[in-house]
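Structure, as structure tokens:
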Amino acid sequence: MLSTERSGGGRGRNANAVDDSVSDTPRGRFPKTAHLLKHSDFQRVYKSGRRHFSGNMTVFYLRTQPEVAPEPNEAGAAEELCAQPKGRVRVGFTVSKALGGSVERNRMRRRMREAVRHHLLMLECISGSVDIVINPKKSSLVAEFPQISQEIERAFRVIRQNCGIAGKKIGEQEARSR
RNA sequence: CGUUGGGAUCGGGCGGUCGCCGCCCGGGGAGCUUACGCCGGCUUAGCCGGAGAGUGCUUUUCGGGGGGAGGAAAGUCCGAACUCCACAGAGCGGUGUGCCGGAUAACGUCCGGGAGCGGCGGCUUUAAGGUCGUCCGACGGAAAGUGCCACAGAGAAUAUACCGCCUCGCGAGAGGUAAGGGUGAAAAGGUGCGGUAAGAGCGCACCGGGCGUUCAGUAAUGAACGUUGCAUGGCAAACCCCACACGGAGCAAGACCAAAUAGGGGCGGAUUGAGGCGGGAUGCGCAAGCAUUGCGCCUCAGCGAGCUGGCUCGGUUCGCCAAACGUCCGGGUAGGUCGCUUGAGCGGCGUGGUAACGCGUCGCCUAGAGGAAUGAUCGCCACGGCAGCAAUGCCGUACAGAAUUCGGCUUACAGGUCCCAACGCUUC
RNA sequence: GGCGCUAUCGUCUAGGGGUUAGGACGUGAGAUUCUCAAUCUUAAAACCCGGGUUCGAUUCCCGGUAGCGCUA
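Per the working numbering: the first sequence = residues 36 to 213.
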């Protein structure tokens, strides 16, 4: 676990440390195209995804291979279509009405989104695309922001580990077949 | 200055770092298309072909500018705008509103006025009551009708007589009463004096009511005068009556584009053209008529017996049906675009009106998302509480998040500011 | 987002202005039985909250709260 952390995220953490010394909050982008938007995507993640439990949230994630299923009929544009979803990570939030009024729900979702934005660079190296759904719990409203950020970081590390192991296994199998 | 009540208004501020969603400007990339322009060819008013975004559309990225939750955005309780559906008119039914006048696009909202069946406080009075101030309210109708008024109580609705009182009578009892007691939420005008066997509007005075006239007022209503001794309660947020209003659904309304899959329809497949006659459909037109489309019959000309299957089998002729396939059209799902923010808009000034509000003029543009942006974090200041002599430290800063848009109502709310009224204290 | 409905013992329900709020299942106690079950007797246990109308409200009216349903 420590070795994977050092090998995989060492550069990113160094960059974060540099950013911390210069400015307060780390850089990171979380535009609309990285959001999970459609109801069917949410249902697919809930139905066939894996789960990771944490103190203030539950994280569902599902690895998808979009270059296998629909795209290969267009041979000319296959390059860009493969290049585009290669590192595509989409994250969605589900905050149900049972967690409070709209002000509290908005605050939970915004803090979660901010924490996801800070750590989204960790998942850049994953081949293929991952859909993630985060369900906050009611305790995340009063929790401190560094704790939430830490939990998100741990969840992302697990996701990266699982998906990375899968990729490694595929690579080993290919090497053995060769 | 303080307390209480009412009203209006604001709803923490500044900065650092990193972000999110629209809009505008500029640069780059990708995709689509070819109207103008370019190139080439030809049978040259033009046609055909090619490359390609310089002008186009979509998308993405970078840089800059500017904007980005509320007084209640909430509850969805009323009223409208807007959209679709339905619709000859009227009635019944249903729902809602309810003093009077006005404002308004409309309202159950607002403004002004009236009355009190209300609460509180002051004054007056023996009391009933009157009067003043303030607050308040879903304040039409109870001799149009129906219904209900439990228990208690003698009696609870065109009333009754338990204990009483008085008269007659030895008594049993009979009669007259409704002052007093008692029950109740409510007992049939109130107080006082007279009167009486005892009593009673039985008579009188005052108060309260009913009716009528006059005056004031747009009206609700009020005042004055006259008259009437005055049994006839409460509940209509019970049914109901009267007056007035209301078609239904709601932006997930609705409009447009439209993948994949399945399915529907037309034509070709399944021979061509011209003319005439007959009648049909659609569109335009008041009509006459015109245009388009396709059907039947006849005539003439042309092609020439056709590579699928079926109509019991085989041959010939004629005809019908169906399939593969091709092409066109329509409905429509996922998805996308519009509706979507310039509006009964906001502010200033003037003016009419007691006011709500109206009119005129000048200025301004003020969120527009769509699994849903408007933020996260840090520091300083402000305010409040606690600890502390102090410095300072810690904690807290409400209610709450646009979803088509307005006008209201209701509900929630830390704290700050201003105004008005009453009362109390101090000073002049 | 819009529209509509409901709220009664622990659960399912009846009642519809009047003072003991009824029933069934469940719970507790007792009886019966050697014991349990079944049966019988008995007890406790509720009108979502706040205002208003009324003499009186679980019921009628208004406003909140909670739950449920329909709608692309």
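Here a beta-carbon is modelled for each residue, glycine too, at the ideal position from N, C-alpha and C.
Item                                                                                                        : Value
Endpoints, the beta strand (DSSP E) within which residue 92 is located                                      : 92-99
Best match in 192, 69, 188 and 196 for proximity to residue 123 [C-alpha to C-alpha]                        : 69
For residue 186 and residue 92, believed in contact at Cβ under 8 Å, the rounded distance                   : 6 Å
Cβ-based burial, residue 154 [other Cβ within 10 Å; buried from 16]                                         : buried
Assumed close pair residue 65, residue 151 - CB separation to whole angstroms, cut-off 8 Å                  : 6 Å
Within 8 Å, strictly: CB atoms of residue 140 and residue 130                                               : yes
First and last residue of the uninterrupted beta strand (DSSP E) at residue 128                             : 124-128
Residue 127 beta carbon less than 8 Å from that of residue 77                                               : yes
Boundaries (first-last residue) of the alpha helix (DSSP H) holding residue 77                              : 74-83
Environment of residue 171 [buried if 16+ CB atoms lie within 10 Å]                                         : buried
CA-to-CA distance, residue 137 to residue 193, given in whole angstroms                                     : 31 Å
Where residue 74 falls, given that 16 or more other Cβ within 10 Å makes a residue buried                   : exposed
Residue range of the unbroken beta strand (DSSP E) whose run includes residue 138                           : Premise fails: residue 138 lies in the alpha helix (DSSP H), 137-154, not in any beta strand (DSSP E).
Whole-angstrom distance between residue 156 and residue 63, CA atom to CA atom                              : 7 Å
Alpha-carbon to alpha-carbon, residue 95 and residue 87                                                     : 6 Å
Cβ neighbours of residue 174 in the same chain (closer than 8 Å, five flanking residues each side left out) : 90 and 91
Option nearest residue 198 by Cα separation, candidates 82, 166 and 176                                     : 166
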